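Chemist: For the sequence shown, position 488 (counting from the first letter as 1) is numbered 498 according to my numbering, and the numbering increases by one without interruption. Don't be surprised by glycine CBs; every beta carbon is placed ideally from N, CA and C. As the structure is a prediction and not an experimental result, all values here were calculated from the model.
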Amino acid sequence: MADYLVIVESPAKAKTIERYLGKKYKVKASMGHVIDLPKSQMGVDVDEGYKLKYITIRGKGDVLKELRKEAKKAKKVYLAADPDREGEAIAWHLAHALKVDEDSKCRVVFNEITKDAIKDSFKNPRTIDLDLVDAQQARRVLDRLVGYNISPLLWKKVKKGLSAGRVQSVALKMIIDREKEIENFKPEEYWTIEANFQKDKEAFQGSFYGIEGKKQELKSEEEVNSILKKLEDKKFTAEKVNKRERKRNPAKPFTTSSLQQEAARKLNFRAKKTMMVAQQLYEGIDLGKKAGGITGLITYMRTDSTRISNTAKEEAKGYIEEQFGKEYLGAGKNDKQKEGAQDAHEAIRPTSVMRDPKSLKDILSRDQLRLYKLIWERFLASQMAPAVLDTMTVHLINNHVEFRATGSKIKFKGFMKVYVEGNDDNKKDEDKILPDIEEGMTVQAEDIIPNQHFTQPPPRYTEARLVRTMEEQGIGRPSTYAPTLDTIQRRGYVTIDHKRFVPTELGIIVVDMLKEFFPEIIDVDFTVKMESDLDAIEEGKVEWIKLIDNFYKDFDIRLKKAEKEMEKIEIKDEPAGIDCENCGHEMVYKMGRYGKFLACSNFPECRNTKPILKEIGVKCPNCKEGNVVERKSKKRRVFYGCDQFPECDFVSWDKPISRPCPKCESLLVEKRSKKEVQIQCTNCDYKEKVQ
Numbered sequence: 011m012a013d014y015l016v017i018v019e020s021p022a023k024a025k026t027i028e029r030y031l032g033k034k035y036k037v038k039a040s041m042g043h044v045i046d047l048p049k050s051q052m053g054v055d056v057d058e059g060y061k062l063k064y065i066t067i068r069g070k071g072d073v074l075k076e077l078r079k080e081a082k083k084a085k086k087v088y089l090a091a092d093p094d095r096e097g098e099a100i101a102w103h104l105a106h107a108l109k110v111d112e113d114s115k116c117r118v119v120f121n122e123i124t125k126d127a128i129k130d131s132f133k134n135p136r137t138i139d140l141d142l143v144d145a146q147q148a149r150r151v152l153d154r155l156v157g158y159n160i161s162p163l164l165w166k167k168v169k170k171g172l173s174a175g176r177v178q179s180v181a182l183k184m185i186i187d188r189e190k191e192i193e194n195f196k197p198e199e200y201w202t203i204e205a206n207f208q209k210d211k212e213a214f215q216g217s218f219y220g221i222e223g224k225k226q227e228l229k230s231e232e233e234v235n236s237i238l239k240k241l242e243d244k245k246f247t248a249e250k251v252n253k254r255e256r257k258r259n260p261a262k263p264f265t266t267s268s269l270q271q272e273a274a275r276k277l278n279f280r281a282k283k284t285m286m287v288a289q290q291l292y293e294g295i296d297l298g299k300k301a302g303g304i305t306g307l308i309t310y311m312r313t314d315s316t317r318i319s320n321t322a323k324e325e326a327k328g329y330i331e332e333q334f335g336k337e338y339l340g341a342g343k344n345d346k347q348k349e350g351a352q353d354a355h356e357a358i359r360p361t362s363v364m365r366d367p368k369s370l371k372d373i374l375s376r377d378q379l380r381l382y383k384l385i386w387e388r389f390l391a392s393q394m395a396p397a398v399l400d401t402m403t404v405h406l407i408n409n410h411v412e413f414r415a416t417g418s419k420i421k422f423k424g425f426m427k428v429y430v431e432g433n434d435d436n437k438k439d440e441d442k443i444l445p446d447i448e449e450g451m452t453v454q455a456e457d458i459i460p461n462q463h464f465t466q467p468p469p470r471y472t473e474a475r476l477v478r479t480m481e482e483q484g485i486g487r488p489s490t491y492a493p494t495l496d497t498i499q500r501r502g503y504v505t506i507d508h509k510r511f512v513p514t515e516l517g518i519i520v521v522d523m524l525k526e527f528f529p530e531i532i533d534v535d536f537t538v539k540m541e542s543d544l545d546a547i548e549e550g551k552v553e554w555i556k557l558i559d560n561f562y563k564d565f566d567i568r569l570k571k572a573e574k575e576m577e578k579i580e581i582k583d584e585p586a587g588i589d590c591e592n593c594g595h596e597m598v599y600k601m602g603r604y605g606k607f608l609a610c611s612n613f614p615e616c617r618n619t620k621p622i623l624k625e626i627g628v629k630c631p632n633c634k635e636g637n638v639v640e641r642k643s644k645k646r647r648v649f650y651g652c653d654q655f656p657e658c659d660f661v662s663w664d665k666p667i668s669r670p671c672p673k674c675e676s677l678l679v680e681k682r683s684k685k686e687v688q689i690q691c692t693n694c695d696y697k698e699k700v701q
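1) Where does Arg359 sit, in a helix, a strand or coil, going by DSSP?
2) Who are the near neighbours of Glu189 in its chain, counting only those whose CB is closer than 6 Å to its CB and skipping five residues on each side?
3) For Pro260, is the classification buried or exposed, using 16 other Cβ atoms within 10 angstroms of its Cβ as the cut-off for buried?
4) Between which two residues does the alpha helix (DSSP H) harbouring Pro162 extend?
5) Evaluate contact between the stretch 198 to 205 and the stretch 223 to 235, counting only Cβ atoms and requiring at least three cross-stretch pairs below 8 Å.
6) How far does the beta strand (DSSP E) with Asn408 in it reach, from first residue to last?
7) Under a three-way DSSP split, which group does Lys665 fall into?
8) Between Leu569 and the rest of its own chain, which residues show a CB-CB distance below 6 Å, the 5 nearest in sequence each way excluded?
9) Does the distance from the C-beta atom of Asp400 to that of Lys419 stay below 8 Å?
10) For Lys23 versus Glu293, is the C-beta spacing smaller than 8 Å?
11) Suppose you measure from the CA of Cys116 to the CA of Leu476; what does that come to, to the nearest Å?
12) Going by DSSP, what residue range makes up the alpha helix (DSSP H) through Ala12?
13) Would you kindly check if the distance between the Cβ of Val16 and the Cβ of Ala90 is under 8 Å?
14) Just grab the DSSP bridge partners of Phe3 for me.
15) Excluding the five sequence neighbours on either side, which residues of its own chain have a C-beta within less than 6 Å of the C-beta of Ala205, listed in chain order?
16) Does DSSP put Met52 in a helix, a strand or coil?
17) Just to confirm my understanding: we take Lys63, look at its own chain, exclude 5 residues before and 5 after, and list those with CB closer than 6 Å. What are they?
18) Hey, is the stretch 459 to 479 in contact with the stretch 175 to 194, meaning 3+ C-beta pairs nearer than 8 Å?
19) What separation, rounded to the nearest whole angstrom, lies between the Cα atoms of Val156 and Ile547?
20) Return the CA-CA distance between Lys673 and Arg376, expressed in angstroms with no decimal places.
21) Using the three-state DSSP reduction, which class does Gln378 fall into: helix, strand or coil?
22) Just how far apart, CA to CA, sit Ile27 and Ala281?
23) Among Asp583, Ile555 and Ala609, which residue has its Cα nearest to the Cα of Gly59?
24) Go ahead and label His355 buried or exposed: buried means 16 or more other beta carbons lie within 10 angstroms of its beta carbon, across all protein chains shown.
25) Taking 7 Å as the cut-off, is the CB of Leu163 close to at least one heavy atom of the ligand SAM?
26) The beta strand (DSSP E) spanning Thr505 covers which residue range?
27) Using three-state DSSP, classify Leu608 as helix, strand or coil.
28) Using the beta-carbon count (16 or more within 10 Å), is Glu96 buried or exposed?
29) Assign Leu307 to one of three DSSP states: helix, strand, or coil.
30) Mind checking Ala731: buried by the 16 CB within 10 Å criterion, or exposed?
31) Compute the beta-carbon to beta-carbon distance between Leu241 and Asn408, rounded to the nearest angstrom, for a pair I have assumed lies under 8 Å.
32) Are three or more beta carbon pairs between the stretch 266 to 281 and the stretch 441 to 450 nearer than 8 Å?
33) Where does Arg500 land, buried or exposed, given buried means 16+ other C-beta within 10 angstroms?
34) Using 8 Å as the threshold, is the C-beta distance between Ile385 and Arg29 below it?
35) Please report the Cβ distance between Glu481 and Tyr429, rounded to the nearest whole angstrom; I am assuming they are in contact, meaning their Cβ atoms lie under 8 Å.
36) By DSSP, does Leu241 sit in helix, in strand, or in coil?
Spelled out as structure tokens, the structure:
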């Protein structure tokens, strides 16, 4: 019989840890929280000093019964939930439910599920950190007071199924504010002048800079023409050539936020998916008996720290030196934390850099391998030497008119040999080499091309941009980003269009009502202060009940005012202009979880619904009668099909083009990749690039 009982959240974690600890330890899973506030009611007694009503979660009775039985048999119980506020709260609830003394050294935490980390953590157990528990309780109570008071009000005044929350409402307001910026944006005209230069049969490009060394913006065609008139001919003199060496440092290892952003850019993962796959890699993957069985492959994935342990640094150093050479070793000065980071545990990194992605190719699923590779490469690159670039700027003069040509060439790849961080603007990291030009040389301009442009509105938020903005402004914490984005989509407050958030009419109505009656709930500064106050509770500087009471006094006044004065809003269904083919009543547009859809106005007698089909102006190549329309799969992926379905079964993942192939008259489709767009024939080898 085992002497010690260890309780973790998940069965996968339990299996891994039990193997490391040996026969004296029995490891059981609580399957997450076993005790929580009830779902059917607020569970917070405001009149009794914010007393909390905790209950056993429905369906967890048998789990708790089994844990109690095992706890009675064990000499000692260790609580090994995740190393964060929520994990501390789970451990605290279990301690009370199993009659474990919370002042005893029963709490075990580890940042990675590896043999050494697990064994070390059991050598140094600690007491339950009640400040962490209080910070988690404060967050839960705040969310309950807001959600369980405002949501019923929205149900009564707008429609059922709505919700409001501290972080989700601020995120939604940010999306709506951006949409208003786009709507109110007034484009401004500006011009550029580009020149194609030639030097000894080597071509390169330059752009107009200014006159007599002063930078000049071009706002109109008249200004452009006056510049072109100044040019005496197409010969330019290289008046100044600046050459210098520039170093580019690697990106820091991943935090939760930067991992979600980079996985969105490079892997096309949603934040929710990134966290789900990362959880699998953290809890353990079966690598086979020879490789050590079930093993945690990455460190804990909810963190805002970029700190790396000395052991991990030394292992990376050895790997880099062996694989690439000493010149690729970094100086190890990449650990400075951003202001406001909690720094509770390390950055997200592989538990062993020696376990390279190639060695796991046949073991991990496609998604697991892609995310692991991203984490492994980012960590390794962060420990490598900076890249060295030779940069060159040439000042080209013609009658006091200055054009500038810039170029760079990678002299030493450094970390770029392994990994280069993505960016939201799709800028490519590539050499732009200029010919060898010395001061006083003359070069010929083959073409001088003026171009008219108009300023563009700010882009809508992608998941990656929104997570980055939330992190920069201090809204939410690593554990809240993915659930927040998921909630605003499930409630129908936003839709996704070309991977960008678009607010719905419902979302705009909800934010307008909150703005009028609960302005602090959607105020960024208020939300940021609340997050820092929760951090202060965690640090033992603030009492959680005092914080809640200060918030609730004003909130309760606003709530009573809203209940009296908030007007009921009826969201009328918009007529679609077509009749239901089942009963003949008019079809209307309705708002659902994934945006608008068509439904019969005779509901509930008639339950006919249809997706809104978006025509792309292409006749069906199969039946020749129907039109090709944009559809969405169950996983919300866009594909194209015939509007005569099911009579016609034409489908295509690639967007069909209206004109036929010039070579064989077959269907042309648009093929998109991160680097380019191509038009290809579905029958022959015809291809063309799209600018």
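Modeler: Reading it off the structure:
1) coil
2) Exclusion of the five residues before and after Glu189 leaves Pro513 as the residues of its chain whose Cβ lies within less than 6 Å of its Cβ.
3) buried
4) Leu140 to Lys167
5) yes
6) Ala397 to Asn408
7) Note: Lys665 maps to strand in three-state DSSP.
8) A distance below 6 Å between beta-carbons, with the five flanking residues on each side excluded, links Leu569 to the following residues of its chain, in chain order: Asn159.
9) yes
10) Contact flag set, yes.
11) 39 Å
12) Where Ala12 is concerned, there is no enclosing alpha helix (DSSP H), given that its DSSP letter is neither H nor E.
13) yes
14) This structure does not reach residue 3, given that the chain is present from 11 up to 701, and the question cannot be answered.
15) Gly216, Phe413, Ala455 and Ile458
16) coil
17) Counting only Cβ-Cβ distances below 6 Å, and skipping sequence neighbours, we find Gly53.
18) yes
19) 19 Å
20) 37 Å
21) helix
22) Computed Cα separation, rounded: 28 Å.
23) Ile555
24) buried
25) By its list of ligands, the structure shown contains no ligand whatsoever, and the ligand SAM lies outside what it can speak to.
26) Val504 to Asp507
27) strand
28) buried
29) Coil.
30) The chain is shown from 11 up to 701; residue 731 falls before or after that span and cannot be answered.
31) 5 Å
32) Contact between the stretch 266 to 281 and the stretch 441 to 450 is absent, because fewer than three Cβ pairs lie under 8 Å.
33) exposed
34) no
35) Not a contact, Cβ separation roughly 21 Å.
36) coil
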